[in-house]
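> First the structure, which I've put down as structure tokens, then a few questions once you've had a look.
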Amino acid sequence: MKQLLLIGIGPGDPRQVTYEAVEALRRATVFFVLDKGSDKDELVRLRRAILERYLPEGGYRLVQVEDPRRDGQAPDYVGAVQDWHAQRAALYARLIEDELGSDDVGAFLLWGEPALYDSTLRILDLVRERGLALALQVIPGISSIQALAARHQIPLNRIGEPLTVLPGRRLGEQARIDNVLVMLDGQCAFAALDDPQLVIYWGAYLGTPDELLVSGPLQAVKARILELRDEARRRKGWIMDTYLLRREG
Numbered sequence: 001m002k003q004l005l006l007i008g009i010g011p012g013d014p015r016q017v018t019y020e021a022v023e024a025l026r027r028a029t030v031f032f033v034l035d036k037g038s039d040k041d042e043l044v045r046l047r048r049a050i051l052e053r054y055l056p057e058g059g060y061r062l063v064q065v066e067d068p069r070r071d072g073q074a075p076d077y078v079g080a081v082q083d084w085h086a087q088r089a090a091l092y093a094r095l096i097e098d099e100l101g102s103d104d105v106g107a108f109l110l111w112g113e114p115a116l117y118d119s120t121l122r123i124l125d126l127v128r129e130r131g132l133a134l135a136l137q138v139i140p141g142i143s144s145i146q147a148l149a150a151r152h153q154i155p156l157n158r159i160g161e162p163l164t165v166l167p168g169r170r171l172g173e174q175a176r177i178d179n180v181l182v183m184l185d186g187q188c189a190f191a192a193l194d195d196p197q198l199v200i201y202w203g204a205y206l207g208t209p210d211e212l213l214v215s216g217p218l219q220a221v222k223a224r225i226l227e228l229r230d231e232a233r234r235r236k237g238w239i240m241d242t243y244l245l246r247r248e249g
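Mapping of the sequence shown onto UniProt numbering: residues 1 to 249, in sequence order.
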């Protein structure tokens, strides 16, 4: 049975790596890192920085492989994601089988919280379906949602009111927005909203030196968010952002 750790490392600040995660880092002997292309080299460098900070003595192997590409323009979003997961499952199964010896402990360093908007647990279910036995442990991490609320100094929930978390592509389906957290909004769905009572709390690159924060009435600040977002993506080649939309009044 192969031993594997899924370690939540927070949204970017090495200081937000929990002590439980540090203990898990020290148990691992092999770290798997997915290379997402030259425009996202910084994501690999950030992972390496975390390892160098908490494992300065070394004593581990780093296995870096190219991540399968997902068709972001496919008309069938769900089908495209499922195909991508199947490709990743085949890759993960090969890596785990070939790179982990009987005494090794493998690990994936996952941004934020492994159980929130991360596909690794689902992919490892597919790996198990291939017949590979895994002894799996998940180490929770600080999510970008928590970091966003902390930076803006706001509670995520209001008294007696639910909090909805959804991807950007589902924002337009909401009949009414009261308290909604939006993840993975590559198309900036908030820009199409014209409700004057909505307030936005937006953040990008949370916990990193490039952190960006904007808050205020949506109609007053959305142009600024779009401008900052476009400039940052041109400069860095990638962006990770999230935001809370809240009805006031």
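Positions of the beta carbon are idealized from the N, C-alpha and C atoms, including for glycine.
For residue 176, which of helix, strand or coil comes out of DSSP?
It is coil, neither helix nor strand.
> Taking Cβ positions, are residue 141 and residue 21 nearer each other than 8 Å?
Yes, the Cβ-Cβ distance between residue 141 and residue 21 is below 8 Å.
> If you check the beta carbons only, do residue 30 and residue 104 fall under 8 Å apart?
Yes. Within cutoff.
> Below 8 Å between beta carbons: does that hold for residue 114 and residue 124?
For residue 114 and residue 124, no; Cβs fall outside 8 Å.
> Which residue from 198, 235 and 237 puts its Cα closest to that of residue 218?
When only C-alpha atoms are compared, the closest one is 198.
> With a CB to CB cut of under 6 Å and the five nearest residues on each side skipped, what residues in its chain are close to residue 109?
Cβ within range, chain order: 7, 9 and 47.
> Which stretch, first to last residue, makes up the beta strand (DSSP E) that contains residue 17?
Residue 17 -> no beta strand (DSSP E), and no H or E assigned at all.
> Tell me, please, whether the region 146–163 touches the region 191–209 by the rule of three or more beta-carbon pairs shorter than 8 Å.
With the cut-off at 8 Å, the region 146–163 and the region 191–209 touch.
> Can you round the beta-carbon distance between residue 87 and residue 68 to whole angstroms, since I take them to be within the 8 Å contact cut?
Indeed they touch by this definition, with Cβ atoms about 4 Å apart.
> CA-CA distance, residue 128 and residue 215?
Taking the straight line from one Cα to the other gives about 44 Å.
> Determine the direct distance from the alpha carbon of residue 51 to that of residue 28, and round the result to whole angstroms.
Near 11 Å, if we compare the C-alpha coordinates of residue 51 and residue 28.
> With 16 other CB atoms within 10 Å as the buried threshold, where does residue 100 fall?
With 16 or more Cβ atoms within 10 Å of its Cβ, residue 100 is classed as buried.
> Which runs of the beta strand (DSSP E) spanning at least 3 residues fall entirely within the region 87–142, listed in chain order?
If we require 3 residues or more, the beta strand (DSSP E) runs fully inside the region 87–142 come out as 105–110 and 134–139.
> May I ask you to report which of helix, strand or coil DSSP gives residue 6?
In this structure, residue 6 counts as strand in the three-state DSSP scheme.
> Near residue 191, what residues of its chain come up, given a Cβ to Cβ distance below 7 Å and the 5 sequence neighbours on each side ignored?
Answer for residue 191: 222 and 226, listed in chain order.
> What residues match up with residue 251 in a beta bridge as DSSP calls it?
Beyond the ends of the chain as shown, which are 1 and 249, falls residue 251; an answer cannot be given.
> If you follow the beta strand (DSSP E) that residue 204 is part of, which residue opens it and which one closes it?
198–204 is the span of the beta strand (DSSP E), which, as asked, contains residue 204.
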